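**Q** Numbering (this note's numbering), first residue to last: 1 to 131.
Backbone N, C-alpha and C define an ideal beta-carbon position, used for all residues, glycine too.
Every value quoted in this text rests on a predicted model; they were computed, and no experiment measured them.
Questions regarding the structure given below will be posed in turn.
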């Protein structure tokens, strides 16, 4: 059961509060910076891979390793872009996939409870929960 504080949580719908600014501006900037950073890394790895291939100096499986990292970077960009899109359109928060962490089930259970009161989107969920 979700913790019920004796006072209301920060509400991203309150345009005068900091949580609104965080959802509208802060989080998108953070995600955009992540996407830009990963894109630069992909570019650098692609250039290194190309240079090694053209010079015939592929030491071990370096080119193959770089190509794997480039693909992983593309997946990260896809997921981050999807998250930014979801946030901007106030879509429902997604459950966290189970990765062995103890608190994943707790978060997902709380998210299901928020859904019963229609508080499971980026702008309707309690700010700290979405954070």
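1) With a cut-off of 8 Å, do at least 3 Cβ pairs link the region 69–86 to the region 102–110?
2) Would you identify the three-state DSSP class for residue 131, choosing helix, strand or coil?
3) Decide if residue 120 is buried, meaning its Cβ has at least 16 other Cβ atoms within 10 Å, or exposed.
4) Quick one: is residue 66 buried, meaning 16 or more other Cβ sit within 10 Å of its Cβ, or exposed?
5) So what does residue 145 bridge to, in DSSP terms?
6) State yes or no: is the C-beta of residue 87 within less than 9 Å of the C-beta of residue 28?
7) Taking the alpha-carbon of residue 39 as reference, which of 56, 100, 81 and 91 has the nearest alpha-carbon?
**A** Quick answer:
1) no
2) coil
3) buried
4) buried
5) Nothing can be reported for residue 145: it is not among the residues displayed for the chain, which extend from 1 to 131.
6) yes
7) 81
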